[in-house]
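All residue numbers for the sequence shown refer to my numbering, where the first residue is 2 and numbers rise by one. Just so it is clear, CB atoms sit at the ideal spot from N, CA and C, and this is done for glycine as well. This report refers to the structure that appears directly beneath it.
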Amino acid sequence: MNKQIILNLPVKDLDKSRAFFSALGFSFDPELSGENAAFMNIVDGAIQAMLTTEPFFKSLIDKPVVNAREANEMVICLSCESREEVDSLIARAVAAGGRTPHPPEDHGFMYDQGFEDIDGHLWNLVWSAPRA
Numbered sequence: 002m003n004k005q006i007i008l009n010l011p012v013k014d015l016d017k018s019r020a021f022f023s024a025l026g027f028s029f030d031p032e033l034s035g036e037n038a039a040f041m042n043i044v045d046g047a048i049q050a051m052l053t054t055e056p057f058f059k060s061l062i063d064k065p066v067v068n069a070r071e072a073n074e075m076v077i078c079l080s081c082e083s084r085e086e087v088d089s090l091i092a093r094a095v096a097a098g099g100r101t102p103h104p105p106e107d108h109g110f111m112y113d114q115g116f117e118d119i120d121g122h123l124w125n126l127v128w129s130a131p132r133a
């Protein structure tokens with residue numbers, strides 16, 4: 002079995018979060034989803050996220066849930082195949098209710114921009130030029 006990355010993210014409204022990430026092109030596995038959680042495929046077979054309602058998320062940990070609109074514990078960074086893919090995903094995130102906390106950064110060999118999802122989690126999208 003190949004190793005996978007599965008993120009667990011607390012969300013305030015599971016249906017709204019599903020709609021937001023569906024607008025970005027991510028799919029959901031109905032067999033691994035229910036009323037308290039939705040299993041989201043970011044990169045099939047490699048990177049997934051379990052979006053969980055805040056009450057359910059709280060039952061999994063013994064610390065308070067961070068309000069991602071006020072503080073962040075991490076930034077989720079995804080690589081993209083082109084600058085155009087970065088821009089397209091950012092545009093879809095904003096159209097679906099997200100926001101961009103900063104303008105794109107173009108370093109020539111690397112291009113990136115981030116978005117904040119509807120729960121305040123930070124995502125960064127990065128394209129890097131192939132190395133010779």
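- Excluding residues up to 5 positions away in sequence, Ala47, Ile48, Gln49 lie with their Cβ nearer than 8 Å to the Cβ of Ile6 in the same chain.
- Rounded to the nearest whole angstrom, the CA to CA distance from Ser18 to Leu52 is 8 Å.
- Excluding sequence positions up to five before and after Ser34, its CB lies within less than 8 Å of the CB of Phe40, all in the same chain and listed in chain order.
- Contact holds between the stretch 118-126 and the stretch 83-100, because three or more Cβ pairs, one in each stretch, are under 8 Å apart.
- Under the 10 Å beta carbon count, Ile43 is surrounded by 16 or more other beta carbons and is classified as buried.
- Shown here, Asp88 sits in a helix according to DSSP, grouped into three states.
- Asp16 sits in a helix when the DSSP states are folded into three classes.
- Ala130 places its beta carbon less than 8 Å from that of Phe110.
- Here Gly115 is buried, its C-beta having at least 16 other C-beta atoms within 10 Å.
- Our two residues, Lys59 and Phe27, have alpha carbons roughly 25 Å apart in a direct line.
- Residue pairing by DSSP puts Asn9 in a beta bridge opposite Met51.
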